[in-house]
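Shown next, in structure tokens, is the structure this report addresses.
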Amino acid sequence: MTRKRLALRMLAVTTVVVLGVLAGFASVRPSNERDWIPEHERLPAITFTGDEALIEGVRDFRNVSADSLTPGWYDRTYDLDGIESLWFVLSIFNEDEFRGPAHSALSFGFEDGTYVTVSVEARKEVGESYSITKGLLKNYELIYVIGDERDLVRTRAVFRTDRVYLYPIRASKEKIRELFVDMLEAANALHDRPLFYNTATRNCTTVLRDHVNIVTPGRLPHSWKILLPGYADELLDSLG
Numbered sequence: 001m002t003r004k005r006l007a008l009r010m011l012a013v014t015t016v017v018v019l020g021v022l023a024g025f026a027s028v029r030p031s032n033e034r035d036w037i038p039e040h041e042r043l044p045a046i047t048f049t050g051d052e053a054l055i056e057g058v059r060d061f062r063n064v065s066a067d068s069l070t071p072g073w074y075d076r077t078y079d080l081d082g083i084e085s086l087w088f089v090l091s092i093f094n095e096d097e098f099r100g101p102a103h104s105a106l107s108f109g110f111e112d113g114t115y116v117t118v119s120v121e122a123r124k125e126v127g128e129s130y131s132i133t134k135g136l137l138k139n140y141e142l143i144y145v146i147g148d149e150r151d152l153v154r155t156r157a158v159f160r161t162d163r164v165y166l167y168p169i170r171a172s173k174e175k176i177r178e179l180f181v182d183m184l185e186a187a188n189a190l191h192d193r194p195l196f197y198n199t200a201t202r203n204c205t206t207v208l209r210d211h212v213n214i215v216t217p218g219r220l221p222h223s224w225k226i227l228l229p230g231y232a233d234e235l236l237d238s239l240g
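Mapping of the sequence shown onto this note's numbering: position 78 corresponds to residue 78, and the numbering continues sequentially without gaps.
Right, here's the structure in full:
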């Protein structure tokens, strides 16, 4: 066999193998039926009635210590006309070493003093830990955790080593309500159409950006400060 024929045969075999791997990867489908960790066990369910939104499965876990967690959930009806503020929550994992790795969320304030936080996360199974690389390869489903601010924000600020910042967002009540509703609808849709989380394209901060741009087209640009969310506050500040 000539070298040329051998090279062509090797190329053909390599092509078949690569196509097989790609086909297998493409055939992997997201699912809601897995053995989830307690924090991700329930998908919130939302029912809209006029100017009210009933959220079933508002997360309200309580920490006594970093290693002691008491699960909790409640159902609550929110008056959409009562929304009055929006806060950007930025939880930086290790600011002293590198500010980039972080988690972001949005917290919505209501006239009655209630705060409900919406956190887009990689939905983890029991025994599973988060990995940037695995997050690129269809290893996690996507979940919108809708929870009491005392759970989602306090846990990170008090019982983890994260440094947590809360920034008030300048926006009209109408836009804040529109954003809240858009995120609730997306959370609800996951019951019938689960999606994969993706470290680069569908993560905690890129999803928030996409929701903002649905409500106000073009408001948030594509930026490396979105992919490294620890710098997202700088981006927001530069945009006013």
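Glycine included, each C-beta is placed from N, C-alpha and C at the ideal position. Note that the coordinates shown come from a computational prediction; the quantities given were computed from them, not determined experimentally.
With 16 other Cβ atoms within 10 Å as the buried cut-off, status of residue i
i	result
Leu54	exposed
Val89	buried
Tyr74	exposed
Arg219	exposed
Leu208	buried
Leu239	exposed
Which listed residue (the options) has its alpha carbon closest to that of residue i
i	options	result
Leu43	Ala186, Arg177 and Lys175	Ala186
Tyr140	Tyr197, Leu86 and Trp224	Tyr197
Arg154	Thr49, Leu69, Glu33 and Arg34	Leu69
Asp112	Phe180, Asp233 and Tyr78	Tyr78
Thr114	Leu239, Glu128, Gly147 and Arg219	Gly147
Asn32	Thr201, Leu190 and Asp233	Leu190
Leu179	Thr161, Asn213, Val28 and Leu166	Asn213
C-beta atoms of residue i and residue j nearer than 7 Å
i	j	result
Asn188	Ile46	yes
Ile83	Phe61	no
Leu80	Asp51	yes
Glu121	Asp35	no
Leu236	Ser223	no
Glu149	Ser107	yes
Ile253	Thr206	Residue 253 is absent from the model: the chain starts at 1 and stops at 240.
Sequence-distant residues of its chain with Cβ nearer than 6 Å to residue i (five each side left out)
i	result
Ser119	Ala105, Val145 and Leu152
Ala157	Val164
Glu95	Arg163
7 Å Cβ shell around residue i - same chain, five flanking residues per side excluded
i	result
Met183	Val118, Tyr144 and His211
Arg99	Ile92, Gly230 and Tyr231
Ile132	Thr199
Arg76	Ile55 and Val58
Pro30	Glu141, Pro194, Leu195 and Phe196
Val28	Lys138
Alpha-carbon spacing of residue i relative to residue j, whole angstroms
i	j	result
His40	Leu142	10 Å
Cys204	Glu97	21 Å
Ala136	Arg123	Here the sequence assigns Leu to residue 136, which means Ala is not the residue at that position. For Leu136 and Arg123, the distance between alpha carbons rounds to 14 Å.
Arg163	Lys138	29 Å
Pro168	Val116	14 Å
Leu22	Ala171	Legend: pLDDT at Leu22 = 37, less than 50; position of this residue unreliable, value from coordinates given subsequently. If you take the alpha carbons of Leu22 and Ala171, they lie about 44 Å apart.
Val215	Tyr130	30 Å
Phe48	Pro221	31 Å
His103	Leu166	12 Å
Val181	Pro217	16 Å
Glu128	Thr161	20 Å
Lys134	Pro71	27 Å
Leu228	Asp192	30 Å
Chain C contact for residue i (CB, 7 Å cutoff)
i	result
Pro44	Protein chains in the displayed structure number just one, and chain C is not present.
Proximal residues to residue i (C-beta, below 8 Å), its chain only, five neighbours per side dropped
i	result
Arg202	Leu142, Leu195 and Phe196
Asp233	Phe88, Leu90, Tyr165 and Tyr167
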